[in-house]
Amino acid sequence: MLRNTLNAVYAVIVATLLFSVVLQILGAWNTHRLFTALEKSNAARGELSLLAIDLSDQRRRAYLDRLGAPHLEIAPIRAGVTKPMLVSAATAVAERPELAVRAQEIDTRLAVLRQDAQAGELDADALFSRYTEVIEEVIALRLGLLSWEFQSEPVAPASAHLRRYNGLLLEYVGRNAALITGQVFAGEAYSEAVLKAARDNLSRARFALEQMQEQLLLQGGVVTPALERVIRSYEDRYFVSAAAVIEDMERGRDPADIESWTAFEREARAASLDFLTGLLATSGEALEDLTRRSFAWLLVWSVLLVLASGTAFYGWYAVRTRLIQPLDDIHDDMLKLADGRLDVELPSVYRDDEVGRMRDALRIFKANALRRARLQTERDKLLGRLKSAYRQLRLDLQAAATVQEALLPDASNQDGIRVQGQLKPSHYIAGDTYDVVRRSDGRLLFFQVDVAGHGAPAALVSVGAHNLLLQALIESDDRADLAAIVAKINADWPASMPYFTLALGEIDIQRGRGRLVQAGHPGPILMCPDRPPETLGDGGVPVGILTGNHYEEVDFDFPRGSRLLVYSDGLTEAENTHKEAFGEARLHAMLARAATLSTARLLDRLSAELRGWRGSDTLEDDVTLLVLEAMGRDED
Amino acid sequence: MKIEERYEHGICVLSVGESRLDASQAPALKDALVQRVEAGQHQLVLDLSQTAFMDSSGLGALVSCLKRLGPRGNMAVVGVSGAVQRLFTLTRMDRVFILEPDVPAAVARLRG
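Taken in sequence, the protein lines are chains A and B. All residue numbers for the first sequence refer to the numbering used here, where the first residue is 35 and numbers rise by one. All residue numbers for the second sequence refer to the numbering used here, where the first residue is 975 and numbers rise by one.
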């Protein structure tokens, strides 16, 4: 169905669209979350770098205090902000819970160390190594964060490496600052172990700087002024003076230029700090920018989701209210109209679209249906009137047929002559008629008339002709000239009336003779015992067709046992379904076969044959049969 | 009703294209014939060779035409056979109308 297809297609499109947008949002949300984590992690790493430097300073102060050596007061960089920073780092790397645990441990160890330092229970070396352990922990934690950040890029590796080696550089320089200053001001013989450590630290510091330079070459980083200053201050000044101081001390003499070393150390440290701060700011800003952008994308996709959902909902709503619902309504209305419920109310709101055109078509359909219904009602009324008129007409015709039938003689058997006839009108009333007149001397006059045409006009004319003939026969004398009677009727017949064919005859049973005048009527058939049927007469002009006709009389033998069949042409011209006429020959053959049947049976047989030939009870023309039979002596 | 008109030697020849001439066709045939007579045709040839059946109505139409023609006119019927021939014989109309087997014979007869 159309609506299911529409709904399905729409659902698939909307689902695909929403799925894509939601995927994009999830992607943007993950990216944003990652960038936020990276930003926090980066910030935490920055804090840890600064913490390492700060701890390095604390270690130096605590170490020199313990040795009783004077030292330069250095302002703390990150004093007192350790814990929030560590917590922040722990939150950032939720995927690495052990880092958070380690941050917590560092915090705890630092607190214990500070307590121990204040209690004064630790000697200088122990203090130094305890601090160094914590600092190494901090550096390890920072590396842990870095390795997590590396897994998810997009932090510039060069920058990360530079920060790392810069941190190491500061740590080793910081260690030496404490160790060398401690040795110089201890006032005792220089410790071999400490000097070796100082020499190692210096080597490691050199290595760290070399690594920074190497990273620059490998990663193609840009040498900023801050980095340039770091390299210069270490390579050109600090390493040289530090190496000189350590060498002097190794040779057992006081360092020649301890002040320069101290100054260079401060300068290099400041350069490193500057560089670190710059890097932290740059990477922080870059990550902040990425986070902001990812958030912007998240917003863009979310707005798109809202728009897509809104559009999808509106589209679904529009398809439903503007297309599917109206189509359903039209469908229902059509069913109602088809069901003949013409009182159905169609929506009258105008719409200039396909649905509107369909509604217009439906309105026209309804108007047509209404007009048809009106016409049908009128037609029904008319049909009712017609039926009533036809019923009346048929009643009239039936009454007329009854009257016409009453005019015909009943079957009779008198004076040795049996008379039996039948008339089958093609439509209620016939243009055919017949009658007999019995004379007192036993002779019998008979006639049969067939008026041209059928129906009421022919029937009326046949009644007129019937009366005229009856009158003429009654008025005629015993030996009247039948031909003269016909000629007179023909002469008197009005030219405006239809003509008719006539067979007029007389049977004289005493003498066994008969005579006949034929005026266009089919020749009657004479059936004598032991002889084949024979047609009498050779025609004659119908009555009323032309004036001044001469008619002939035909005489014939009519012994006892003979029968005469007078018939109208409706019998021989009756056609079967192949338009073939019943014909005279078939009639003769049938009569020959039926020679032994009684007159009543003969008439029945003739009717049955005719019905069989026609294939139905209907007739095209009136069929009249009249049989006159000369009875045997014993039958009288 | 199917009827064809043509002239041979100035004589109007009407060919009836109906196989049956009964009450349903008779009025049209009568009109066609009377129309020719009233148009001044006093000699008519009616070709019934395609007609297999004619009843009293058809015969009435022919007789009406003959009456209309009067003593001055003549009407020849051509090509009657079978049932139509029998009707003409039975009603003696074969003695009233000029019957000829074909149109040329009828035309020759009418031209005298």
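The beta-carbon is built from N, C-alpha and C at its ideal position, and this holds for glycine as well. Predicted, not measured: the structure shown is a model, and the values here were computed from it.
Query                                                                                                                                                                          : Result
Given Leu176 (chain A), which residues of its chain have a CB within under 6 Å of its CB, disregarding the five upstream and five downstream residues?                         : Per the sequence presented here, residue 176 (chain A) reads as Arg, with Leu not at that position. Cβ neighbours of Arg176 (chain A) beyond the five flanking positions: Arg79 and Leu82.
If you measure beta-carbon to beta-carbon, which residues of the region 1048-1066 of chain B are closer than 7 Å to chain A?                                                   : Ala1057, Thr1063, Leu1064, Thr1065 and Arg1066
Contact between the region 520-538 of chain A and the region 481-493 of chain A: three or more CB pairs below 8 Å?                                                             : yes
Hey, does Leu1073 (chain B) have any beta-carbon neighbour from chain A nearer than 9 Å?                                                                                       : no
What first and last residue would you give for the alpha helix (DSSP H) that runs through Cys562 (chain A)?                                                                    : Segment: none, Cys562 (chain A) is in no alpha helix (DSSP H) and carries neither H nor E.
For Ile985 (chain B), is the classification buried or exposed, using 16 other Cβ atoms within 10 angstroms of its Cβ as the cut-off for buried?                                : buried
Which stretch, first to last residue, makes up the beta strand (DSSP E) that contains Ala537 (chain A)?                                                                        : Phe534 to Asp542
Of all the CB atoms in chain B, is at least one closer than 9 Å to the CB of Val575 (chain A)?                                                                                 : yes
For Leu196 (chain A), does the three-state DSSP call read helix, strand or coil?                                                                                               : helix
Which one of A:Glu73, A:Ile559, A:Asp387 and A:Arg375 has the shortest CA to CA distance from Leu361 (chain A)?                                                                : A:Asp387
Under a Cβ-count criterion, where at least 16 other Cβ atoms within 10 Å of its own Cβ denotes burial, should Arg148 (chain A) be classed as buried or exposed?                : exposed
Along the chain, where does the beta strand (DSSP E) that runs through Ile985 (chain B) open and close?                                                                        : Ile985 to Val990
Taking only the alpha-carbon atoms, compute the straight-line gap between Ala403 (chain A) and Leu357 (chain A) and give it to the nearest angstrom.                           : 25 Å
Under 8 Å, with one C-beta from each stretch per pair, do the region 269-281 of chain A and the region 205-221 of chain A reach the 3-pair mark?                               : yes
How big is the Cα-Cα spacing for Val48 (chain A) and Phe329 (chain A)?                                                                                                         : 25 Å
In chain order, what residues of the region 513-544 of chain A put their CB closer than 9 Å to some CB of chain B?                                                             : Ala529, Pro532, Tyr533, Phe534 and Thr535
Touch check for the region 648-663 of chain A and the region 1048-1064 of chain B: three-plus C-beta pairs under 8 Å?                                                          : no
Can you say whether Ala227 (chain A) is buried or exposed, counting buried as having 16 or more other CB atoms within 10 angstroms of its CB?                                  : exposed
Along chain B, which residues have their Cβ under 7 Å away from the Cβ of Ala486 (chain A)?                                                                                    : Ser1030, Ser1031 and Gly1034
Buried or exposed, going by whether 16 or more other CB atoms sit within 10 Å of the CB of His612 (chain A)?                                                                   : exposed
Distance, Cα to Cα, Asp484 (chain A) vs Ile579 (chain A)?                                                                                                                      : 13 Å
Just checking: is the beta-carbon of Ala1080 (chain B) within a distance shorter than 9 Å of some beta-carbon in chain A?                                                      : no
Run the CB neighbour count on Pro459 (chain A), radius 10 Å, all protein chains shown included, and call it buried at 16 or more, exposed below.                               : buried
From this set, B:Gly1056, B:His983 and B:Leu1020, which residue's C-alpha is nearest Leu1036 (chain B)'s C-alpha?                                                              : B:Leu1020
Classify Val115 (chain A) as helix, strand or coil using the three-state DSSP reduction.                                                                                       : Because Val115 (chain A) carries a pLDDT of 44, less than 50, the predicted location of this residue cannot be relied on, and no value is offered for it.
Please list, in chain order, the chain A residues whose beta carbon lies closer than 7 Å to that of Ala997 (chain B).                                                          : Gly487 and His488
Output yes if chain B places a C-beta closer than 9 Å to the C-beta of Asp27 (chain A); else output no.                                                                        : Any question about residue 27 (chain A) goes unanswered here, given that chain A covers just 35 to 670.
Would you decide whether His500 (chain A) is buried or exposed? Buried here means 16 or more other CB atoms lie within 10 Å of its CB.                                         : buried
Asp672 (chain A) CB to nearest chain B CB: under 9 Å?                                                                                                                          : Nothing can be reported for residue 672 (chain A), as the shown portion of chain A is limited to 35 through 670.
Taking contact to mean at least 3 C-beta pairs separated by less than 8 Å, is the region 1051-1070 of chain B in contact with the region 566-585 of chain A?                   : yes
For Asp470 (chain A), does the three-state DSSP call read helix, strand or coil?                                                                                               : This sequence places Val at residue 470 (chain A); Asp is not what is there. In this structure, Val470 (chain A) counts as strand in the three-state DSSP scheme.
Go ahead and pull the three-state DSSP assignment for Leu995 (chain B).                                                                                                        : strand
Which residues in chain B have a C-beta closer than 7 Å to the C-beta of Ile579 (chain A)? List them in chain order.                                                           : Val1037
Go ahead and label Ile398 (chain A) buried or exposed: buried means 16 or more other beta carbons lie within 10 angstroms of its beta carbon, across all protein chains shown. : exposed
Just how far apart, CA to CA, sit Arg198 (chain A) and Val55 (chain A)?                                                                                                        : 41 Å
Per DSSP, which residues does Ser744 (chain A) bridge with? Please list them.                                                                                                  : Nothing can be reported for residue 744 (chain A): it is not among the residues displayed for chain A, which extend from 35 to 670.
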